[in-house]
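Numbering (full-length UniProt numbering), first residue to last: 1 to 330.
From the three backbone atoms N, C-alpha and C, an ideal C-beta is built for every residue, glycine too.
Some notes on the structure that comes next.
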């Protein structure tokens, strides 16, 4: 039986090119849907829109472009995204022509260049990425932006990178605490009552699809998970809780950012760990997440503009987190 002390993250293996192409197609679908609720900017960059922060003070929400210190080819300017970038709002029109990557000045990591400008995070920290592969993927997201507006909701890898660089180092303990609080109500531990006509067939599908994952959890952590049918959840044994918490504490910032993103989308920490450890493929994970809803769609039909958009959004969230995790491996 594997103990908590021996738990390490195994590398996730996938076809980067095919999955990235898949992400591009799905983000185009979401871009079309979101454009209806996200008006295009009326002015050219830099924008001067002001927003109020928590202290009631105005904060500049424009894209901050800093010119190079000199005309020397070795110097470069910088581009800093506003905080609204992380909320998905359209932040302004495209102001650059070429997108490239280069090694960081200190030789430790890679950066993305918009023309001659170094890309920075919303808090004005250099966007220093651990691998060239991840830098090129984020550069591709910027390259695909249209001239009429920069749409953050089509750049999931960029947002995850900002989260890993800015949020995770400061709130690591809180992120792990929140993940552990939700463990007892994890999707895979809940079972539908078998004596209800409204949920006919759900329990059988759960047993067939989810039980193999629970058997893997038992073999991986050495403790059998508790299954329940209560709406309010159950309580897992302390040994399993401690083993999973120990695993999370050993993650690096990119790994924890990816796990947190997948757990939020899946409503399941176990499914996200299953993806990270190579037990679940992305398609298998999405099938488990949507198990009950897909049964309802089979019975009552698919609502266009509702179910299809939800499915596309889920695929993007899970896939981009898995891609981000894989590309961040040195």
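Residue range of the alpha helix (DSSP H) that residue i falls in?
i: residue 283; result: 282 to 289
i: residue 100; result: Here residue 100 belongs to no alpha helix (DSSP H); instead the beta strand (DSSP E) covers 99 to 103.
i: residue 304; result: No alpha helix (DSSP H) contains residue 304, which DSSP labels as neither H nor E.
i: residue 171; result: 168 to 181
i: residue 161; result: 156 to 162
Nearest to residue i by CA position, among the options, is which residue?
i: residue 170; options: 246, 78, 253; result: 253
i: residue 273; options: 228, 301, 327, 321; result: 321
i: residue 104; options: 97, 113, 96, 143; result: 113
i: residue 177; options: 266, 249, 281, 92; result: 249
i: residue 315; options: 300, 285, 295, 327; result: 285
i: residue 298; options: 160, 137, 182, 201; result: 201
i: residue 313; options: 186, 261, 95; result: 261
i: residue 266; options: 134, 185, 136, 131; result: 185
i: residue 149; options: 276, 92, 181, 129; result: 92
i: residue 94; options: 121, 145, 208, 207; result: 145
i: residue 128; options: 175, 98, 78; result: 78
i: residue 343; options: 277, 188, 110; result: An answer regarding residue 343 cannot be provided, because it is not within the stretch 1 to 330 covered by the chain.
i: residue 181; options: 210, 234, 221; result: 234
i: residue 125; options: 111, 134, 282; result: 111
i: residue 323; options: 300, 287, 301, 258; result: 258
i: residue 120; options: 97, 141, 80, 107; result: 80
i: residue 116; options: 96, 311, 109; result: 96
i: residue 326; options: 282, 295, 294, 311; result: 282
i: residue 183; options: 226, 210, 309, 203; result: 226
i: residue 247; options: 328, 90, 277; result: 277
i: residue 218; options: 237, 228, 229; result: 237
i: residue 147; options: 319, 90, 296, 224; result: 90
i: residue 311; options: 328, 300, 293; result: 293
i: residue 228; options: 203, 251, 107, 317; result: 203
Between residue i and residue j, which are expected to be in contact by the criterion C-beta below 8 Å, what is the C-beta distance as a whole number of angstroms?
i: residue 263; j: residue 256; result: Residue 263 to residue 256, Cβ: 10 Å. No contact.
i: residue 130; j: residue 330; result: 6 Å
i: residue 205; j: residue 291; result: 6 Å
i: residue 139; j: residue 99; result: 5 Å
i: residue 101; j: residue 132; result: 7 Å
i: residue 137; j: residue 157; result: 5 Å
i: residue 288; j: residue 271; result: 6 Å
Strictly under 8 Å for the Cβ-Cβ distance: is residue i near chain B by that measure?
i: residue 100; result: Looking for chain B here will not work: only one protein chain is present.
**Asked** Where are the beta strand (DSSP E) runs, 3 residues long or more, that stay fully inside the segment 108 to 148, in chain order?
**Response** 110 to 114, 117 to 120
**Asked** Does the segment 297 to 317 touch the segment 238 to 247, meaning 3 or more C-beta pairs lie closer than 8 Å?
**Response** no
**Prompt:** At a cut of 8 Å, does the segment 159 to 176 reach the segment 207 to 226 through at least three beta carbon pairs?
**Reply:** no
**Request:** Pair every Cβ in the segment 184 to 194 with every Cβ in the segment 150 to 157, then say whether three or more of these pairs are closer than 8 Å.
**Result:** no
**Message:** Give the list of continuous alpha helix (DSSP H) stretches no shorter than 4 residues that lie fully inside the segment 200 to 271.
**Reply:** 202 to 221, 238 to 249, 253 to 266
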